[in-house]
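These notes concern the structure reproduced below.
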Amino acid sequence: MNILIASQIFAEAIDKLRIANDVITAFNAPADELAALIPDREVLVFRSGVDITAELMARAPDLKLLIRAGSGLDNLDLDYVRKHGIDLIRIPEPGARAVAELGFGFMLALAREMLRADSLLRKGRWAKHELTGYLLQGKTLGIYGAGNIGSLMGRMGHAWDMNVLGCVKSPTEEKAASLGRQHIRLTEAREVVASADFLSINVPLNDDTRGLIDAETIARMKPGSFLINLARGGIVDERALFDALTSDHLAGAALDVHAAEGEGKISALAALPNVILTPHVGAMTVDSQRAIGERVIEIVEQRS
Ligand code: MLT
1 MNILIASQIF AEAIDKLRIA NDVITAFNAP ADELAALIPD REVLVFRSGV DITAELMARA
61 PDLKLLIRAG SGLDNLDLDY VRKHGIDLIR IPEPGARAVA ELGFGFMLAL AREMLRADSL
121 LRKGRWAKHE LTGYLLQGKT LGIYGAGNIG SLMGRMGHAW DMNVLGCVKS PTEEKAASLG
181 RQHIRLTEAR EVVASADFLS INVPLNDDTR GLIDAETIAR MKPGSFLINL ARGGIVDERA
241 LFDALTSDHL AGAALDVHAA EGEGKISALA ALPNVILTPH VGAMTVDSQR AIGERVIEIV
301 EQRS
């Protein structure tokens, strides 16, 4: 098959795909470069960081399969895909565990001021009595979007003796029961926001969630609580978050996803010591990327 891989996936998987397919790679390339490469392609593999627009897909009359090597679909023109009957296969599971583990790492690092402790010590400062630490045990973990990733985080929270609350877009009795079995109490978004000591954002980015965590929502968070964004940058109002952190309403925040992502982009939040920033690495464990790569190969083999 003629394949265009528009985002970096596991290198071994690309080598294996090349054995029986014509594979072109152009990782996070500008729109004009992708437009020049796509016309004879049948399969497009992509992740976040590249816009898969209607204009791009319209240049490939033979395009029949899109493989999203991960979860989010916010960078894909879904209307075009549906209208043109292009198959779309997502591979969300392998990355979910990795994102949840990163979220849990964020909670531990925030609770113990690990980054500040490390940076002070590197400057020779022995800040043992200046640093504040909290236990996770007994604290409330609020999962805003208790889906795949959110419920994994919730299960980890329960294992650490946290009280776990979650909300979902369309609550049902079945969902409440299934989350309940995982020790996550399903409730209203308002209660999740207001009760959480650690509020983790785990919803997909779409028209309903763009700007969802705005100044008004942040103001309803518990004083001294922490915000974690593992979802997408456009969901949290970073200006409002900055204000809440500098006015000491929130104790800290950790963001793996950002309003502006990519080389050379520096968030205003980078000026604050109580913030952890990582470059959208949630799903970037070797284990997850290897598993995603293997699944991409399986999908292509099944279609060949
Ligand atoms: C995803 O949606 O799977 C993650 O954001 C990882 C990525 O595609 O880079």
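According to this note's numbering, the sequence shown is numbered sequentially starting from 1. Each residue gets a CB set at the ideal place from its N, CA and C atoms; glycine is no exception. Quick caveat, the model's predicted, so the values are computed rather than measured.
So residue i and residue j are supposed to be a Cβ contact under 8 Å. How far apart are they, rounded?
i      : j      : result
Leu65  : Asp87  : 5 Å
Leu230 : Gly282 : 6 Å
Ala100 : Met153 : 4 Å
Asp214 : Asp248 : Between Asp248 and Asp214 the Cβ distance is about 19 Å, and since that is not below 8 Å, they are no contact.
Ile3   : Asn28  : Not really, about 17 Å apart at Cβ, beyond 8 Å.
Met1   : Arg303 : 7 Å
Leu102 : Asp197 : Going by Cβ atoms, the distance from Leu102 to Asp197 rounds to 19 Å, so no, they are not a contact pair.
Arg159 : Ile184 : Reading off the sequence shown, one finds Ala at residue 159, where the question assumed Arg. Contact doesn't hold; Cβ gap of about 12 Å is too wide.
Pro92  : Asn148 : 6 Å
Tyr144 : Val81  : So it is not a contact: roughly 27 Å between Cβ atoms.
Ala305 : Ile89  : Limits of the chain in this structure are 1 at one end and 304 at the other, which puts residue 305 out of reach.
Ala6   : Met284 : Rounded, the Cβ-Cβ distance is 17 Å, inconsistent with contact.
Ile299 : Lys16  : In fact, because the Cβ distance is near 13 Å, the residues do not count as touching under 8 Å.
Nearest to residue i by alpha carbon, out of the options?
i      : options                        : result
Leu110 : Ser247, Leu241, Ala268, Ile228 : Ile228
Leu277 : Glu298, Val296, Glu294, Ala253 : Ala253
Ile292 : His84, Ala96, Asp40, Leu37     : Ala96
Val50  : Ala69, Asp62, Asp40, Glu12     : Ala69
Ser195 : Val203, Ile5, Pro223, Glu263   : Pro223
Arg239 : Glu93, Ala268, Ser225          : Ala268
Ser48  : Pro273, Met57, Ile67, Leu272   : Ile67
Leu44  : Glu12, Gln8, Arg210            : Gln8
Arg181 : Ser151, Leu199, Arg190         : Ser151
Asp243 : Val300, Ile235, Leu272         : Leu272
Leu212 : Thr187, Ser225, Val193, Ala177 : Val193
His206 : Leu17, Leu76, Ile143, Ala13    : Looking at the sequence provided, one finds Asn at residue 206 rather than His. The residue with the shortest Cα to Cα distance from Asn206 is Leu76.
Leu245 : Val23, Asn274, Ala189, Gly264  : Asn274
Tyr134 : Ala117, Ile143, Gly142, Glu113 : Glu113
Glu130 : Leu136, Asp118, Leu141         : Asp118
Gly233 : Ser225, Arg210, Ala259         : Ala259
Ser225 : Glu12, Leu141, Ile24, Gln137   : Leu141
Leu136 : Ile19, Ile235, Phe104          : Phe104
Just verifying my parser: in three-state terms, what is the DSSP assignment at residue i?
i      : result
Ser225 : strand
Ile91  : coil
Leu76  : strand
Val296 : helix
Leu44  : strand
Gly252 : strand
Leu230 : coil
Leu108 : helix
Arg290 : helix
Ile218 : helix
Leu115 : helix
Ile67  : strand
Leu212 : coil
Ile52  : strand
Val99  : helix
Ile5   : strand
Val275 : strand
Val81  : helix
Segments assigned beta strand (DSSP E), at least 3 residues, entirely inside the region 125–210:
140–144, 163–167, 198–201
Just checking, does the region 217–235 make contact with the region 171–181 on the three C-beta pairs under 8 Å criterion?
no
Does the structure place the region 123–132 close enough to the region 97–109 that three or more beta carbon pairs sit under 8 Å?
no
Run through the region 15–44 for me and flag every whole alpha helix (DSSP H) of 4 or more residues, listed as ranges in chain order.
31–37
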